[in-house]
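>
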């Protein structure tokens, strides 16, 4: 199995709210490829849903370290900050995500 396949399984389990299996799949993806930023983000979401915010922040920080231009990672971390009642940090991450999305749109070729 490849890391991307394990990640996709994790996403499907997460959609079904099967956090245990999703966590196992994301961990497998990271075992195969420790630099898989999306799998770190997935674990961050799972830990946040379980109320384990310190662990969630570590995984989101790693995802951002690996891919600082991905807006979704900042939105995930904002969610964690909201769960921790840190509204200022959440707002900063949401603004960063919005800025990154704007930069992506500006870089896309115009459709004529």
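Numbering (the numbering used here), first residue to last: -8 to 103. Even for Gly, the Cβ is constructed at its ideal location relative to N, Cα and C.
Pull up the distance between the alpha-carbon of residue 47 and that of residue 57, whole angstroms please.
16 Å
> Run through DSSP, which three-state label would residue 7 get?
coil
> Among residues of its own chain, excluding the 5 on either side of residue 14, which ones have a beta-carbon nearer than 8 Å to its beta-carbon?
Closer than 8 Å at Cβ, skipping near neighbours: 1, 34 and 37.
> Specify the secondary structure class of residue -7 as computed by DSSP and reduced to three states.
Looking at residue -7 - three-state DSSP - the assignment turns out to be coil, as it is neither helix nor strand.
> To the nearest whole angstrom, what separates the beta carbons of residue 21 and residue 28, a pair I think is in contact under 8 Å?
Actually they do not touch by this definition, with Cβ atoms about 10 Å apart.
> Taking the alpha carbon of residue 53 as the point to measure from, which residue in 68, 16, 9 and 8 has its own alpha carbon closest?
For the residues 68, 16, 9 and 8, the minimum Cα distance to residue 53 belongs to 68.
> Excluding the five sequence neighbours on either side, which residues of its own chain have a C-beta within less than 6 Å of the C-beta of residue 65, listed in chain order?
84, 87 and 88
> Applying the 10 Å Cβ sphere with the 16-neighbour rule, what's the burial state of residue 50?
Buried, by the Cβ-count rule.
> Helix, strand or coil for residue 35, going by three-state DSSP, please let me know.
helix
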